[in-house]
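> Here's a structure for you.
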Amino acid sequence: MHYQIIVIGAGAAGLSAAIYLARAGLKTLVVGTQNCSQLNSAYDIENYLGFSNGTNGKELLRNGTKQAKKFGAMIIEKNAKKITETNSKFEIRLENGTPYSSDYIIIASGMLSSFDFASSLNLELNGKLIKINNENQTSHDKVFAAGNCCTKTRQIAKDVGDGCNAAINIIKKLKNLPSYTDYGSLEDQVQEVQQAQ
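So the sequence shown is residues 2 to 198, counted in my numbering.
In structure tokens, the structure reads:
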């Protein structure tokens with residue numbers, strides 16, 4: 002099955018990206034198991050905006066998954082094992098051998114497997130991290146990275162922001178928009194785009 006975007010990783014960065022992409026009406030697939038997410042083992046989170054009494058990683062993952070599905074993202078709880086590119090399309094093979102294809106990729110699967118994916122796509126690295134620009138775009142124009150695979154700052158808020166940034170920049174590319182805002186009415190967004198031109 003073909004998707005516009007496949008997000009590899011079902012942690013904070015991947016789910017954040019999926020929420021924005023799906024809300025924008027883009028056909029989005031998230032692949033990954035949450036037990037692989039570092040967030041899954043975060044027990045006592047007291048510094049995340051909006052949770053004055055604290056929360057935990059399992060709760061954030063559960064709510065993020067529910068929110069992404071609410072807006073139409075498909076989530077498959079299997080890990081990606083291989084990425085190949087042919088004719089400007091990507092093919093992802095899951096651990097069970099099932100193939101999926103996409104136009105864009107967001108790598109948000111943490112450090113270890115992300116390094117393998119980066120190598121298979123010949124992405125530039127910064128040490129053991131995937132090198133990105135300020136749009137979370139890698140050295141490949143259709144591959145973005147978010148979260149722990151591209152930053153030494155290991156914080157949930159940073160990962161969520163990376164996922165949002167990658168998603169918004171893909172949305173702008175696919176919809177040919179100079180800017181994108183994910184709130185307000187459609188009329189507000191059209192007016193914002195017209196004012197930016």
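Think of the CB as a built atom: it goes at the ideal place given N, C-alpha and C, for glycine as much as any other residue. Given the structure is predicted, the values throughout are model-derived calculations rather than measurements.
Does DSSP classify E188 as helix, strand or coil?
Locating residue 188 in the sequence shown gives position 187, counting from the first residue. Helix.
> Can you confirm whether the stretch 63-77 touches the stretch 15-32 when touching is taken to mean that 3 or more C-beta pairs between the two stretches lie within less than 8 Å?
yes
> With K70 as the anchor, note down where its beta strand (DSSP E) starts and where it stops.
Mapped onto the sequence shown, residue 70 falls at position 69. Premise fails: K70 lies in the alpha helix (DSSP H), 58-71, not in any beta strand (DSSP E).
> Indicate whether I108 and I9 have their beta-carbon atoms separated by less than 7 Å.
For the purposes of this step, residue 108 is taken as residue 107 along the sequence shown, with counting starting at 1. For the purposes of this step, residue 9 is taken as residue 8 along the sequence shown, with counting starting at 1. Yes. Within cutoff.
> Take A11 as the anchor and find which of G128, G164, D183, P100 has the nearest alpha-carbon.
Along the sequence shown, read from residue 1 onward, the residue named residue 11 stands at position 10. Ranked by Cα distance from A11, the first of G128, G164, D183, P100 is G164.
> Who does Q138 pair with in a DSSP beta bridge?
On the sequence shown, position 137 is the one that residue 138 refers to. Looking at the DSSP output, Q138 bridges to F145.
> I believe A119 touches A14 by the beta-carbon criterion, under 8 Å. Please report the beta-carbon distance rounded to the nearest angstrom.
The sequence position of residue 119 within the sequence shown is 118, counting from 1. The sequence position of residue 14 within the sequence shown is 13, counting from 1. Rounded, the Cβ-Cβ distance is 15 Å, inconsistent with contact.
> Around the Cβ of D45, are there at least 16 other Cβ atoms within 10 angstroms (buried) or fewer (exposed)?
As a first step, residue 45 must be located in the sequence shown, where it is residue number 44. Its Cβ having fewer than 16 others within 10 Å, D45 is exposed.
> For R24, does the three-state DSSP call read helix, strand or coil?
Here residue 24 is taken as the residue at index 23 of the sequence shown, counted from 1. Residue state, collapsed to three classes: helix.
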